[in-house]
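Residue numbers (the numbering used here), protein chains in the order written: chain A, 1 to 329; chain B, 1001 to 1329. By construction, the Cβ of each residue, glycine as well, lies at the ideal position given by its N, Cα and C atoms. Contents: one structure, followed by commentary.
Protein chains: 2
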Amino acid sequence: MKLATLRNGSRDGRLVVVSRDLARAVDAAAIAPTLQAAIEHWATAEAPLAALYDALNAGRAADSFAFDAAQAMSPLPRAHQFIDASAFLNHGNIMEEAYHLTVKKTEGIPVLIQRQADDFAGPRDDYPFPDEADNADFEGEFAVITDDIPMGASAAEAQARIRLVMIMNDVSMRTHLFRELQMGFGFILAKPATVFGPVAVTPDELGEAWADGRVHLDLTVRRNGELFGHPNGREMDWSFGQMLAHIAYNRNLRAGFILGSGTVSNRAHRRVGSACLAERRAVEKIDTGESVTPFLHHGERLSFEAFGADGQSVFGAIDHRFVPCNTQR
Amino acid sequence: MKLATLRNGSRDGRLVVVSRDLARAVDAAAIAPTLQAAIEHWATAEAPLAALYDALNAGRAADSFAFDAAQAMSPLPRAHQFIDASAFLNHGNIMEEAYHLTVKKTEGIPVLIQRQADDFAGPRDDYPFPDEADNADFEGEFAVITDDIPMGASAAEAQARIRLVMIMNDVSMRTHLFRELQMGFGFILAKPATVFGPVAVTPDELGEAWADGRVHLDLTVRRNGELFGHPNGREMDWSFGQMLAHIAYNRNLRAGFILGSGTVSNRAHRRVGSACLAERRAVEKIDTGESVTPFLHHGERLSFEAFGADGQSVFGAIDHRFVPCNTQR
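Here's what the structure looks like:
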């Protein structure tokens, strides 16, 4: 099934069920007022939500209305925990080669970055950032939302607790990223608000594209309408379940936890392109000694979308403009 | 005023007002069901909560009952964003000297670590951790809870949005910490669930002990009942307001945001002791070449408490035992 959160003036918005073709929606408040509430009560909410989804797809849902992604917030407008992985090692390898970095990774241990979750931006909202000198970049990713996962869960147990799949833009400010990475304590200014696609879908909705705890779909990234890249999620070096088990070694993960995949990146990047500017710039540097692709200027437009085998958009599109903000420090 | 959250079977617990002497409590559900709700509606909740606090202190509150910290959850049992600082540079300097580390800090930029916020442990709950080989440690800290702070806020503006002050134990697993620090992406296994003191207090409640955006109180740490250290919060190298402004450079902070101070550490550490094992072990290593203080074993008991000028406990005590967990990976 497909779920979204529409603006209603509250911090968590209101839950709606969206039709498979993303054309129609229907209010789900009678089942759960918010997506967070649905995840917390999944055992009782799942069946009635699925029944409503079936009715909506069959044109039998009362009071359905046209779904407008411009009215959507991120499916979870805020969460209580968000970790972003860097699970496509191909991306890290390119970055390390281009910039002569050595990230001290440990064999078998995934790269995971604890992140803030209090203010996700909507998929069509203008995205303000204060200064072009911050070197604004995007990172196209897949992400999952989980139910409660107890401390010590195995990869299989954890993976069975994945409730929803999303796409996301992990907005990144590269000027701050290298400085913060070298300090060692993770990212603050390098990673402002994250943006998720308008519709979250259950894993079964992906059919064969959900396999081995990975999303086997191309993520199509456009910059100002022009195709930038379309790498596939299947090359993730750890499954979502493996990463969840690593995190749950000594902590409970609670309902509504979000885990991102890291920038989607493929070994065939010269054919399929990249999902972030930094990777393309790194490839340019490796190939010619010089990065020529510019970071984002105010006014630029980015879109992210994934299409199923039937050619239909699975999650809807993130489609937003990067704009100045009127902030004074 | 003083606020706490009591268990009621829900994830967020129920809000109560606690008397100044921590002896009595009264339900605050008629004003706000949870502390998160109170912070989100502070403009309307503050005055009636303060009136209830005055009535409770005067012995005039109907239906008051004995306050039992063993029934308390962390004041916010979960939040949407939690950052822990390392704002006492004295601590970092000792660690760097003992272990010949060089943390690549930038002049004027605070050390801040993005953290998870979905599963804070209660102040009297047994604290399970899987393996003594993880080198379990504690870090005694102060922390603040803020209201919404818009992107671009100044230090003064941000500091005026601090609503509550707490004490916390930033539980740390040292075996994982150095490895994760060297990788550069921050902490995952090094920092399992954090624990906050039972009572959160408004800054005015601290009187002269709240000055310059710092808590000028000793934090008394006991290990198995024995005094371990009592460093004072006044030596923080950045005020809470300065750190909040740094974080808010390119993000909105939303109501219920928690910022920790980092391990309280004083230049006179040889007289007042430390608030974590790692610092004492580092001092031992500097002095004698060898660390002798052991990390935590299962079964050990830790307590953290701060006392006002009148000798009364301000926040109540974190007082918990570290225990094995029955988890299988």
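Straight-line gap, residue i to residue j (C-alpha atoms, nearest Å)
{"i": "N1090(B)", "j": "V1201(B)", "result": "27 Å"}
{"i": "S1274(B)", "j": "V221(A)", "result": "51 Å"}
{"i": "V1171(B)", "j": "A1117(B)", "result": "13 Å"}
{"i": "E1139(B)", "j": "M1168(B)", "result": "8 Å"}
{"i": "I318(A)", "j": "D27(A)", "result": "22 Å"}
{"i": "F82(A)", "j": "E279(A)", "result": "23 Å"}
{"i": "A282(A)", "j": "F228(A)", "result": "15 Å"}
{"i": "R1270(B)", "j": "A1061(B)", "result": "46 Å"}
{"i": "Q1328(B)", "j": "A1136(B)", "result": "Bear in mind that the predicted position of Q1328(B) carries a pLDDT of just 42, short of 50, making it unreliable; the figure below should be weighed with that in mind. The straight-line gap from Cα to Cα measures roughly 19 Å."}
{"i": "C325(A)", "j": "G1152(B)", "result": "9 Å"}
{"i": "V1103(B)", "j": "G1092(B)", "result": "8 Å"}
{"i": "N250(A)", "j": "G1256(B)", "result": "25 Å"}
{"i": "H1246(B)", "j": "E1141(B)", "result": "20 Å"}
{"i": "A47(A)", "j": "P1203(B)", "result": "47 Å"}
{"i": "D84(A)", "j": "M166(A)", "result": "13 Å"}
{"i": "I109(A)", "j": "A143(A)", "result": "19 Å"}
{"i": "F304(A)", "j": "A72(A)", "result": "15 Å"}
{"i": "C1174(B)", "j": "T1288(B)", "result": "Note that residue 1174(B) is Arg in the sequence shown, not Cys. Straight-line Cα distance between these residues: approximately 21 Å."}
{"i": "W238(A)", "j": "L302(A)", "result": "27 Å"}
{"i": "A345(A)", "j": "S313(A)", "result": "Absent from the model: residue 345(A). The displayed extent of chain A is 1 to 329, so no value can be given."}
{"i": "L277(A)", "j": "G197(A)", "result": "19 Å"}
{"i": "Q36(A)", "j": "R1011(B)", "result": "12 Å"}
{"i": "L1049(B)", "j": "R234(A)", "result": "53 Å"}
{"i": "G213(A)", "j": "Q159(A)", "result": "7 Å"}
{"i": "E300(A)", "j": "N232(A)", "result": "24 Å"}
{"i": "I1286(B)", "j": "E1097(B)", "result": "7 Å"}
{"i": "V1323(B)", "j": "L1296(B)", "result": "10 Å"}
Residue i and residue j closer than 8 Å at C-beta
{"i": "E261(A)", "j": "A87(A)", "result": "At residue 261(A) the sequence reads Ser, which differs from the Glu that was named. Yes."}
{"i": "Q114(A)", "j": "I1188(B)", "result": "yes"}
{"i": "D119(A)", "j": "R78(A)", "result": "yes"}
{"i": "V18(A)", "j": "A29(A)", "result": "no"}
{"i": "L1259(B)", "j": "M1243(B)", "result": "yes"}
{"i": "F240(A)", "j": "P192(A)", "result": "no"}
{"i": "R1014(B)", "j": "T1034(B)", "result": "yes"}
{"i": "Y127(A)", "j": "V199(A)", "result": "no"}
{"i": "L22(A)", "j": "G311(A)", "result": "no"}
{"i": "K1002(B)", "j": "E1205(B)", "result": "yes"}
{"i": "D147(A)", "j": "R161(A)", "result": "yes"}
{"i": "R387(A)", "j": "I149(A)", "result": "With chain A covering only 1 through 329, there is no way to say anything about residue 387(A)."}
{"i": "H80(A)", "j": "R254(A)", "result": "yes"}
{"i": "L56(A)", "j": "S64(A)", "result": "yes"}
{"i": "G1009(B)", "j": "S1074(B)", "result": "no"}
Paired residues, beta bridge with residue i - DSSP
{"i": "W210(A)", "result": "V215(A)"}
{"i": "D131(A)", "result": "Answer by DSSP bridge pairing: none, since D131(A) is not bridged."}
{"i": "S313(A)", "result": "F307(A)"}
{"i": "D1137(B)", "result": "S1172(B)"}
{"i": "R1254(B)", "result": "DSSP output for R1254(B) lists no bridge partner at all."}
{"i": "R1014(B)", "result": "L1006(B)"}
{"i": "F1196(B)", "result": "M1168(B)"}
{"i": "A1121(B)", "result": "V1195(B)"}
{"i": "M1066(B)", "result": "It should be noted that the sequence gives Ala, not Met, for residue 1066(B). Paired residue(s): R1024(B)."}
{"i": "I1109(B)", "result": "Partner(s): none; I1109(B) has no beta bridge."}
First through last residue of the alpha helix (DSSP H) which encompasses residue i
{"i": "K1285(B)", "result": "L1277 to T1288"}
{"i": "F178(A)", "result": "R174 to M183"}
{"i": "N1090(B)", "result": "L1089 to Y1099"}
{"i": "R271(A)", "result": "H269 to V272"}
{"i": "I1247(B)", "result": "F1240 to I1247"}
{"i": "I1039(B)", "result": "L1035 to E1040"}
N- and C-terminal bounds of the beta strand (DSSP E) containing residue i
{"i": "N1169(B)", "result": "I1162 to N1169"}
{"i": "Q114(A)", "result": "L112 to R115"}
{"i": "E235(A)", "result": "Run containing E235(A): none; DSSP gives neither H nor E here."}
{"i": "A1155(B)", "result": "Segment A1155 to Q1159 is the alpha helix (DSSP H) holding A1155(B); no beta strand (DSSP E) there."}
{"i": "H1320(B)", "result": "I1318 to V1323"}
{"i": "S303(A)", "result": "R301 to E305"}
{"i": "I83(A)", "result": "F82 to A85"}
{"i": "L22(A)", "result": "It is not in any beta strand (DSSP E) - L22(A) carries neither H nor E in the DSSP assignment."}
{"i": "I145(A)", "result": "G140 to T146"}
{"i": "F228(A)", "result": "E226 to G229"}
{"i": "T5(A)", "result": "K2 to L6"}
{"i": "I258(A)", "result": "F257 to G260"}
{"i": "V221(A)", "result": "T220 to R223"}
Q.
So, does the region 1170-1184 of chain B touch the region 1265-1273 of chain B, judging by three or more C-beta pairs under 8 Å?
A. no
Q. Do the region 1207-1221 of chain B and the region 1039-1053 of chain B make contact, defined as three or more Cβ pairs closer than 8 Å?
A. no
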